[in-house]
Amino acid sequence: MEEFIHKLAQDPAETAGLLMGFMALGGGLLIGLVAVIGGLRHARETERTRREIAAYVAEGTMTAEDAALILKTKPGTKCG
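Residue 1139 in the working numbering sits at position 39 of the sequence shown, with consecutive numbering throughout.
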């Protein structure tokens, strides 16, 4: 292990290459984690909306047809 560390210290190009590789791997993992968390959050919010609409229909403040129209519409862009 010590020999490997000395070799890296003597060859800056190899050290930079390894460092960039680890940074790229870490960045990719971070982006993937953020995407998964965002997807889970979106799914949870969608289910919460469906339950709220079902509650409105159950209490009679919304018709089943109106609820179906709301649930049928596609969500817009995620910006704003």
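The C-beta atom is built at its ideal place from N, Cα and C for all residues, glycine as well.
DSSP places residue 1111 outside both helix and strand once states are collapsed to three, so it counts as coil. Short of 7 Å from the beta carbon of residue 1170, and not among the five residues preceding or following it, lie these beta carbons of its own chain, in chain order: 1153. Under the three-state reduction of DSSP output, residue 1101 falls in the coil class, being neither helix nor strand. The Cβ atoms of residue 1108 and residue 1115 sit closer than 8 Å to each other.
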